[in-house]
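Here's the structure, in structure tokens; my notes come after.
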Amino acid sequence: MVKYLEGKDLISPFQCGFRKSFNTSSLLLGLTDTIRDTLNNGGVNVLISLDLSKAFDRAPDSTRQRKAEVDKIHRSRSPTPSLSEELKSTGIHLQFADEFSPLNNLAFQR
Numbered sequence: 001m002v003k004y005l006e007g008k009d010l011i012s013p014f015q016c017g018f019r020k021s022f023n024t025s026s027l028l029l030g031l032t033d034t035i036r037d038t039l040n041n042g043g044v045n046v047l048i049s050l051d052l053s054k055a056f057d058r059a060p061d062s063t064r065q066r067k068a069e070v071d072k073i074h075r076s077r078s079p080t081p082s083l084s085e086e087l088k089s090t091g092i093h094l095q096f097a098d099e100f101s102p103l104n105n106l107a108f109q110r
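Each residue of the sequence shown is one higher than the last, beginning at 1 in full-length UniProt numbering.
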């Protein structure tokens, strides 16, 4: 599958996971270079980290379904604002670009 995706140029050049000769160190080196370049040019860096550990939950279907129902009830009682809405209340505005680039895909304005 990876060979097919790479052959069709369907994997972002920033994708480090699940690729031959790319690993966490590759990602960290690229991230460090981007941060350093931005700071050297007087820019601001923003890093948003997501924990996707529950994305591949291995609990039985019945347990996941009950949890989803409980989560739905909690969300309907107290809706969680989006990240963008949360940051707007602090005077920070996020604008996402059209093209995908993990390190350069959002504009930071205050």
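All residues carry an ideal CB built from backbone N, CA and C; glycine is no exception.
Put simply, of K20, R66, P13 the residue whose alpha carbon is nearest the alpha carbon of L31 is P13.
Between N45 and I35, the C-beta spacing is below 8 Å. Taken through DSSP and simplified to helix, strand or coil, Q15 comes out as coil.
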